[in-house]
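Chains as they are written, first to last, in my numbering: chain B, 504 to 785; chain A, 1093 to 1469.
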């Protein structure tokens, strides 16, 4: 059929660039260097528990922060006039047009012990004041090379992915549905709690997906903002392919385990949003 | 003596410089079925939204039970609305949709259960509580919207073209259903529609609106039999509207002849609009007729024939069970009570000539084509 032939390029693309890599990863994960089938790669996984823990904990924290910042922002922007909405959305997208590394370097120079923020605090005399009060000897607010800095980097880089889907869902809520709730006796707080928020959950769900997944697998952030002190899965996997520890089999196994955990997380989340028309990754 | 429940006093509504409502004065009695009837953009939906509290009039007052409620927000009014296109909560099942208002009022759970079941059986949807909104047809969703509103026992139910999105058959069923519900729960219904037949079927009182003004208020019979001006005569049912002159009481001059009629009280020689309903005209042989004309078009309509007859260049619509072929010379006879005399108005001369008659007029009046522009205002 004519329509069917149109889909051939996509099928080929999917086969080569989606299915084939997955098969390769699975194949690598279950083999040793000499090519024999083995589960050794998984048996040693326990050693890397801290990396798993750090990755998922930091990604979860970043996702939560993105919801806390992004939801109110999306909500209030959606109430504004068309012009304000357009400008606001452009401003939110604006940082995305700049290179990821550049943005992160900018944060490095902001957060450094002698960076712009500390210089500013020092100049206005905040540290002198604190020292005078506590009798301590504070010279700077230590921010760079902490887990907090990594989370900040994640939030800063991925926040637009949270705002956009929430905004578009709230924006599409039929105003008559809100009027119907008011008509039935709901004040503004109640309208939000019982109608707007539940109806916007699909947007939150896809926002969570779009923030959580890149956060879990990010690798440059921990080195640039975390000073390499916090080993994340992304870095661990990178090391197996490019670093001294060269071991693609172990790297594939880690990637596979990470993927399975992410899929399970998403499945659980989609269960919560069942019946909603959310974006499902499964 | 019916009790007055809602009063709109000199209400004006303007958006920028557009006048949507032009000094509306209207009172609505308790337990009355009142219909706001008019074409798109006539201000009927705006009037409803003012009563519901979704819009504030630019000038004028709204009273509910004698209390001024201009500044009372919708959630504090003892009114509930059935919205156009239903506006159901898609994240809740049918039961929770209906229970929404009761839950907000913190009604005890067993009472919620009882009243929701009651409301669902009132709209013939008993047992549908667990279903999702999407799983219901348009007519069923409409009934859920009605149940969701009546379950709160409002004193007034506002209905904004609730049947507009339904097909003709379903609409006719729902009209009867709505009238039954209104009588059963015994509350005031304020109903907005552009469908004259719907208005005639259900209402106790019809308010005909056009151009932001009330054209006529009256019972369906009054509106049909005694239209106040050419707009009302044309909008409600089919009308031939002809220029005439009242020669004296009970004598109408038209086409240079004198016709006996039942109207009086006009100045001798006053120019008037004469309404003759198509079903009030009898076709007779030319020598017996008060007027003679030529048949130009005949359409079979089932119960009757729509016959278009040319009387000296002015075409009339006659609805009759007698078939007259095109080109036939016929006479017509009209009883004195078949004439309805109206004073000249701004609408004189705009309506009531069937020269541009098309056999599809019925469909145009009732079809869903008109329903989709219901979002006006």
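The beta-carbon is built from N, C-alpha and C at its ideal position, and this holds for glycine as well.
Nothing here was measured: the structure is a model prediction, and the numbers come from that model.
Could you check whether the Cβ of residue 1172(A) sits closer than 8 Å to any Cβ belonging to chain B?
As a working mapping, residue 1172(A) is identified with position 80 in the second chain. Judged by the 8 Å Cβ criterion, residue 1172(A) is in contact with chain B.
Measuring only between beta-carbons, confirm whether residue 1166(A) sits less than 8 Å from chain B.
As a position in the second chain, residue 1166(A) is number 74, starting the count at 1. At least one chain B Cβ lies under 8 Å of residue 1166(A).
Express the C-alpha separation of residue 753(B) and residue 519(B) in angstroms, rounding to a whole number.
Stepping through the first chain from its first residue, residue 519(B) is reached at position 16. Stepping through the first chain from its first residue, residue 753(B) is reached at position 250. Rounded to the nearest angstrom, the two C-alpha atoms are 23 Å apart.
Less than 8 Å separating the beta-carbons of residue 599(B) and residue 553(B)?
In the first chain, the residue the question calls residue 599(B) occupies position 96. In the first chain, the residue the question calls residue 553(B) occupies position 50. No. Outside cutoff.
Specify the secondary structure class of residue 1109(A) as computed by DSSP and reduced to three states.
Within the second chain, numbered from 1, the residue matching residue 1109(A) stands at position 17. Residue state, collapsed to three classes: coil.
Measure how close the beta-carbons of residue 1191(A) and residue 1208(A) come, nearest whole angstrom, since I'm counting them as under 8 Å.
The sequence position of residue 1191(A) within the second chain is 99, counting from 1. The sequence position of residue 1208(A) within the second chain is 116, counting from 1. With 8 Å as the limit, residue 1191(A) and residue 1208(A) qualify as a contact, their Cβ atoms being about 5 Å apart.
Mind listing which residues of the stretch 696-712 of chain B have their C-beta closer than 9 Å to chain A's C-betas, in chain order?
697, 698, 701, 702 and 704
Less than 8 Å between C-beta atoms, sequence neighbours within five positions excluded: which residues of the same chain meet that for residue 1101(A)?
The sequence position of residue 1101(A) within the second chain is 9, counting from 1. The residues are 1117, 1152, 1153, 1154 and 1155.
Along chain A, which residues have their Cβ under 9 Å away from the Cβ of residue 586(B)?
Taking the first chain and counting its residues from 1, the one referred to as residue 586(B) is at position 83. What residue 586(B) touches in chain A: nothing, since even the nearest Cβ is about 18 Å away.
Rounded C-alpha distance that separates residue 1341(A) from residue 1441(A)
In the second chain, the residue the question calls residue 1341(A) occupies position 249. In the second chain, the residue the question calls residue 1441(A) occupies position 349. Roughly 23 Å separates the two Cα atoms.
For residue 1215(A) versus residue 1298(A), is the C-beta spacing smaller than 8 Å?
Here residue 1215(A) corresponds to residue number 123 of the second chain, with the count starting at 1. Here residue 1298(A) corresponds to residue number 206 of the second chain, with the count starting at 1. No.
Give every residue of the same chain whose Cβ lies closer than 6 Å to the Cβ of residue 1435(A), excluding the five residues on either side of it in the sequence, and list them in chain order.
Mapped onto the second chain, residue 1435(A) falls at position 343. Hits under 6 Å: none found.
May I have the straight-line CA-CA distance separating residue 631(B) from residue 563(B), to the nearest angstrom?
By one-based count along the first chain, residue 631(B) stands at place 128. By one-based count along the first chain, residue 563(B) stands at place 60. Roughly 36 Å between the two C-alpha positions.
Please state the DSSP three-state secondary structure of residue 537(B).
As a first step, residue 537(B) must be located in the first chain, where it is residue number 34. In the structure shown, residue 537(B) sits in coil (DSSP, three-state: anything other than H, G, I, E or B).
Could you check the C-alpha separation between residue 1352(A) and residue 1361(A) for me, to the nearest Å?
Counting from one through the second chain, the residue named residue 1352(A) turns up at place 260. Counting from one through the second chain, the residue named residue 1361(A) turns up at place 269. Near 15 Å, if we compare the C-alpha coordinates of residue 1361(A) and residue 1352(A).
Out of curiosity, what's the CA-to-CA distance linking residue 522(B) and residue 511(B)?
For this step, residue 522(B) is matched to residue 19 along the first chain. For this step, residue 511(B) is matched to residue 8 along the first chain. Roughly 15 Å between the two C-alpha positions.
Rounded straight-line distance, which links the Cα of residue 561(B) to that of residue 712(B):
Here the question's residue 712(B) lines up with position 209 in the first chain. Here the question's residue 561(B) lines up with position 58 in the first chain. Rounded to the nearest angstrom, the two C-alpha atoms are 15 Å apart.
For residue 649(B), which option in 763(B), 730(B) and 547(B) has the closest C-alpha, if you only look at C-alpha atoms?
Within the first chain, the letter at position 146 stands for residue 649(B). Measuring from the Cα of residue 649(B), the nearest candidate turns out to be 730(B).
CB-CB under 6 Å to residue 1470(A), same chain, minus the five flanking residues each way: which ones, in chain order?
The structure shown does not extend to residue 1470(A), since chain A is modelled only from 1093 to 1469, so the question has no answer here.
Can you find a CB in chain B that lies within less than 8 Å of the CB of residue 1455(A)?
Here residue 1455(A) corresponds to residue number 363 of the second chain, with the count starting at 1. The predicted model places residue 1455(A) with a pLDDT of 44, which falls under 50 and marks its position as unreliable, so this point remains unresolved.
Under the rule that 16 or more other beta-carbon atoms within 10 Å means buried, what is residue 1393(A), buried or exposed?
For the purposes of this step, residue 1393(A) is identified with residue 301 of the second chain, where counting begins at 1. Looking at its Cβ environment, which holds fewer than 16 other Cβ atoms inside 10 Å, residue 1393(A) is exposed.
Where does residue 1421(A) sit, in a helix, a strand or coil, going by DSSP?
For the purposes of this step, residue 1421(A) is identified with residue 329 of the second chain, where counting begins at 1. Strand, per DSSP.
Name the chain A residues that come within less than 7 Å of residue 693(B), Cβ to Cβ?
On the first chain, residue 693(B) is found 190 positions in, with the first residue counted as 1. 1196, listed in chain order.
With distance defined between alpha-carbon atoms, name the residue in 1184(A), 1195(A), 1197(A) and 1241(A) nearest to residue 1212(A).
Position 120 of the second chain, counted from the start, is the residue given in the question as residue 1212(A). Out of 1184(A), 1195(A), 1197(A) and 1241(A), 1241(A) has the C-alpha closest to the C-alpha of residue 1212(A).
Is it the case that the CB of residue 1189(A) approaches a heavy atom of the ligand MN more closely than 7 Å?
What this structure holds is no ligand at all, so the ligand MN is not there to describe.
Quick check: the stretch 728-748 of chain B against the stretch 641-648 of chain B, are at least 3 beta-carbon pairs closer than 8 Å?
yes
Neighbour flag for residue 679(B) against chain A, beta carbons, 8 Å:
Position 176 of the first chain holds residue 679(B). Yes, because at least one Cβ of chain A sits closer than 8 Å to the Cβ of residue 679(B).
Apply the 10 Å Cβ neighbour rule to residue 1112(A) and answer buried if 16 or more other Cβ atoms are within range, or exposed otherwise.
Against the second chain, residue 1112(A) aligns to sequence position 20. The residue is buried, with at least 16 neighbouring Cβ atoms inside 10 Å.
Check whether the Cβ atoms of residue 1247(A) and residue 1170(A) sit closer than 8 Å, and answer yes or no.
On the second chain, position 155 is the one that residue 1247(A) refers to. On the second chain, position 78 is the one that residue 1170(A) refers to. Closer than 8 Å, so yes.
Bounding residues of the beta strand (DSSP E) (the contiguous stretch that carries residue 1284(A)):
The sequence position of residue 1284(A) within the second chain is 192, counting from 1. Taken as a continuous stretch (DSSP letters only), the beta strand (DSSP E) holding residue 1284(A) covers 1280-1285.
If the cut is a Cβ gap below 7 Å, which residues of chain A does residue 577(B) touch?
Mapped onto the first chain, residue 577(B) falls at position 74. Near residue 577(B) there are no residues of chain A at all, since even the closest Cβ is about 18 Å away, more than 7 Å.
My output table needs one value for residue 1247(A): the three-state DSSP class, helix, strand or coil.
On the second chain, position 155 is the one that residue 1247(A) refers to. Coil.
Determine the chain B residues that contact residue 1146(A) at a beta-carbon separation under 7 Å, and present them in chain order.
For the purposes of this step, residue 1146(A) is taken as residue 54 along the second chain, with counting starting at 1. Residues of chain B passing the Cβ test: 682.
So what's residue 566(B) in DSSP terms, helix, strand or just coil?
Within the first chain, residue 566(B) is the residue found at index 63, counting from 1. Helix at residue 566(B).
By DSSP, does residue 752(B) sit in helix, in strand, or in coil?
Taking the first residue of the first chain as 1, we reach residue 752(B) at position 249. Residue state, collapsed to three classes: helix.
Where does the unbroken beta strand (DSSP E) through residue 1141(A) begin, and where does it stop?
The residue you call residue 1141(A) lines up with position 49 of the second chain. Note, residue 1141(A): premise wrong, no beta strand (DSSP E); alpha helix (DSSP H) at 1136-1144.
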